[in-house]
Amino acid sequence: MEIIQQLVNGVSLGSIYALIALGYTMVYGIVKLINFAHGDVFMVGAFIGFYSITVFDLGFFPALLISMTACAVLGVLIERIAYKPLRNATRIAALITAIGVSLFIEYGTIFVRGAQPEAYPGNIIPAKSIEILGVKISTQSLLILGTSLFLMVLLQFIVHKTKIGKAMRAVSHDMDAARLMGINVNNTISATFAIGSALAGAAGVIFGVYYTKIEPLMGIIPGLKAFVAAVLGGIGIIPGAMAGGLLLGVIESLVSAAGFSLWRDGVAFVVLILILIFRPAGLFGKNIREKV
Amino acid sequence: MLKINDINVYYGNIHALKGVSLDINEGEIVTLIGANGAGKSTLLKTISGLLKPKNGDILFQGQPISGKLAQTIVKQGLSHVPEGRRVFSNMSVEENLELGAYLRKDKQGIREDFEKVYQLFPRLYERRKQLSGTLSGGEQQMLAMGRALMARPKLLLLDEPSMGLAPLLVKIIFKIIEEINQSGTTILLVEQNANMALSIAHRAYVIETGNIVLSGSSEELNQSEQIKIAYLGGH
Chain A
1 MEIIQQLVNG
11 VSLGSIYALI
21 ALGYTMVYGI
31 VKLINFAHGD
41 VFMVGAFIGF
51 YSITVFDLGF
61 FPALLISMTA
71 CAVLGVLIER
81 IAYKPLRNAT
91 RIAALITAIG
101 VSLFIEYGTI
111 FVRGAQPEAY
121 PGNIIPAKSI
131 EILGVKISTQ
141 SLLILGTSLF
151 LMVLLQFIVH
161 KTKIGKAMRA
171 VSHDMDAARL
181 MGINVNNTIS
191 ATFAIGSALA
201 GAAGVIFGVY
211 YTKIEPLMGI
221 IPGLKAFVAA
231 VLGGIGIIPG
241 AMAGGLLLGV
251 IESLVSAAGF
261 SLWRDGVAFV
271 VLILILIFRP
281 AGLFGKNIRE
291 KV
Chain B
1001 MLKINDINVY
1011 YGNIHALKGV
1021 SLDINEGEIV
1031 TLIGANGAGK
1041 STLLKTISGL
1051 LKPKNGDILF
1061 QGQPISGKLA
1071 QTIVKQGLSH
1081 VPEGRRVFSN
1091 MSVEENLELG
1101 AYLRKDKQGI
1111 REDFEKVYQL
1121 FPRLYERRKQ
1131 LSGTLSGGEQ
1141 QMLAMGRALM
1151 ARPKLLLLDE
1161 PSMGLAPLLV
1171 KIIFKIIEEI
1181 NQSGTTILLV
1191 EQNANMALSI
1201 AHRAYVIETG
1211 NIVLSGSSEE
1221 LNQSEQIKIA
1231 YLGGH
């Protein structure tokens, strides 16, 4: 039963990675940019959730909503201020800018509130546990899983059934053809950043509730791992990011369970190297040979 | 309906359109013929707002549209079927058509136009649930045209609809272009297949390295020795 317990942990952790990875993959799909500031949006989301809970005395769901909204605005601001002027620049210029934005948010946060960590209060979600077939699952895990799954289903609905979702897919497939349909490309790109960042914000609050400790540099490692998850699933492919995140979470938990918990972080990058060697387009990706 | 006055367009240092002027009257099919790289597609992209002219102006129904955003121009009733069809291959035929009506809010009218497009292209109706990337070249051309019609355009720009299609399909596509025109849509048709284009157009312009070198009615151009040698493969 120990192994199933670990799997539950892995899926919980993985759903956090998946939520962050979705933002990476959506943004890459539409502007072909790895937004390295995305992990820091996740961090800002965790702090906004923290302050909503401790200062304004709100519950989990209101805090989650506030954090998602604020992060959506932050994501749009980042795009408009930092990336939009570079849309026709080389990809390396945009990538370096993304790293700059990432450092700016990290050290801006430290400048504003200091570098000290905070702890999410432990009583936001009643700490009961339910026994299912001899496996103890905490209500926390269930709530985290439920919230993540709900957000992912909601995202699928938005992308496939709504007008803005169809515009997003059209722009990511062919920007000029989308323009000819009358789609406002700038607004569509902003919407993509808003949705991706809102998911990162949600991941931040969920992370805070689950792991308690948050600090201004907390976005770096989960951000990188979510990037690995996005590549694992196939960058630009939304279901790929979900699967990649969950898979990575489970792999990490199993490595910990096998007694190699010090190797946990390393394993994610071993996965990245392996996928780049053997299946560079990712699990869900098609191999497209670049035409010369 | 469309009046282009002395526009100049550059790609970086390359002077792609050198003082091009052109007129289209309501109800006409006007064709623009010319070799590869003469500037045909550049002209269409400039009209539909994908490229900005350096100077000169473009009037559509009396309104200046040069330098405006593509979405504004589509909304005014000018649709562009780009070269190479550019269908959204990751989406179904139906979704592609829906995107064609992206700016419209009149649900009833959109439903009617779905019917019209399916009537014009029964093949698209058969394949409406299929991913458009799995369609044949001819079907994709039909889809690209149907998608543009979903915006209910007054002027339709067609860029090389015959490209890469078998002769029989080219005939079908051209017949449909005539039908679209007869139902009240003005058409600017860009073609390398000058024979076919002149056979359905009322008037024609010939473009060479960014200059309009000749214009006239289709009959006149069909007779012209210069055209025969350069574009019609005659001797």
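The listed protein sequences correspond, in order, to chains A and B. Just so you know, my numbering puts 213 at position 213 of the first sequence, and the rest follows in order with no gaps. In my numbering, each number is its position in the second sequence, counted from 1, plus 1000. The beta-carbon is built from N, C-alpha and C at its ideal position, and this holds for glycine as well. As the structure is a computational prediction, the values presented were derived from the model and not from experiment.
Item	Value
Evaluate contact between the region 278-288 of chain A and the region 234-254 of chain A, counting only Cβ atoms and requiring at least three cross-stretch pairs below 8 Å.	yes
Going by the CB atoms, is the gap between Met242 of chain A and Met152 of chain A shorter than 7 Å?	yes
I'd like to know whether the C-beta of Val1117 of chain B is nearer than 7 Å to at least one C-beta of chain C.	As a matter of chain content, chain C is missing from the structure shown, whose protein chains are A and B.
What's the gap between the Cα of Glu1095 of chain B and the Cα of Lys1129 of chain B?	9 Å
DSSP three-state call for Tyr1205 of chain B: helix, strand or coil?	strand
By Cβ distance below 6 Å, which residues in the same chain neighbour Gly201 of chain A in space, the five residues on each side in sequence not counted?	Gly45, Ser67, Met68, Cys71
Report buried or exposed for Lys225 of chain A, applying the criterion of at least 16 other Cβ atoms within 10 angstroms of its Cβ.	buried
Can you check which of these residues, B:Ile1029, B:Val1009, B:Gln1223, is closest to Leu1156 of chain B by C-alpha distance?	B:Ile1029
Give the interface partners of Leu981 of chain B over in chain A, defined as CB-CB distance under 7 Å, in chain order.	Chain B is shown only over 1001 to 1235; residue 981 of chain B falls outside these bounds and no answer can be derived.
What residue from A:Leu274, A:Gly114, A:Ser253, A:Ile277 has the CA that sits closest to Ala10 of chain A's CA?	The sequence as given places Gly at residue 10 of chain A; Ala does not occur at that position. The option with the nearest alpha carbon to Gly10 of chain A is A:Ser253.
Leaving out five residues on either side along the sequence, give the residues of the same chain with a beta carbon under 6 Å from the beta carbon of Ser138 of chain A.	Ser129
Shortest alpha-carbon distance to Ile1007 of chain B belongs to which of B:Gly1056, B:Leu1165, B:His1015, B:Met1001?	B:Gly1056
Assign Ala18 of chain A to one of three DSSP states: helix, strand, or coil.	helix
Please go through the region 157-190 of chain A and give each complete alpha helix (DSSP H) segment of 4 or more residues, from N-terminal end onward.	163-173, 175-180
Just curious, the alpha helix (DSSP H) that Lys1045 of chain B is in, first and last residue?	1040-1048
Near Glu1083 of chain B, which residues of its chain fall below 6 Å by C-beta distance, leaving aside the five closest residues on each side in sequence?	Ser1041, Asp1159, Glu1160
Let's test the definition: count the other Cβ atoms within 10 Å of the Cβ of Asn1036 of chain B and tell me whether it reaches 16, buried, or not, exposed.	exposed
Hey, is Arg91 of chain A's beta-carbon within less than 7 Å of any beta-carbon in chain B?	no
Check whether the Cβ atoms of Val159 of chain A and Val171 of chain A lie closer than 7 Å to each other.	no
According to DSSP, is Leu1155 of chain B helix, strand or coil?	strand
Does the region 187-206 of chain A come into contact with the region 102-111 of chain A, if we say contact requires no fewer than three beta-carbon pairs (one atom in each stretch) closer than 8 Å?	no
Among B:Val1190, B:Ile1200, B:Ser1183, B:Met1163, which residue has its Cα nearest to the Cα of Phe1174 of chain B?	B:Ile1200
With DSSP run on the structure shown, which of helix, strand or coil describes Leu1017 of chain B?	strand
Thinking C-beta only, is Val209 of chain A closer than 7 Å to Ile124 of chain A?	yes
Could you check the C-alpha separation between Val73 of chain A and Phe47 of chain A for me, to the nearest Å?	15 Å
Verify whether the separation of the beta carbon atoms of Ala1016 of chain B and Gly1210 of chain B is less than 7 Å.	yes
What residues in its chain sit with their C-beta under 6 Å from that of Ala294 of chain A, if we drop five residues either side in the sequence?	Residue 294 of chain A lies beyond the residue range present for chain A, which begins at 1 and ends at 292; the question has no answer from this structure.
Identify, in the order they occur along the chain, each residue of the same chain with its Cβ nearer than 7 Å to the Cβ of Ser1162 of chain B, setting aside the five sequence neighbours on each side.	Val1170, Ile1173, Glu1191, Asn1193, Met1196
Strictly below 9 Å CB to CB, what residues from chain B border Arg179 of chain A?	Ser1048, Gly1049, Leu1050, Leu1069, Ala1070, Gln1071, Val1074
Could you tell me the distance, in whole angstroms, from the CA atom of Gly75 of chain A to the CA atom of Leu1120 of chain B?	44 Å
So, helix, strand or coil for Glu1139 of chain B, using DSSP?	helix
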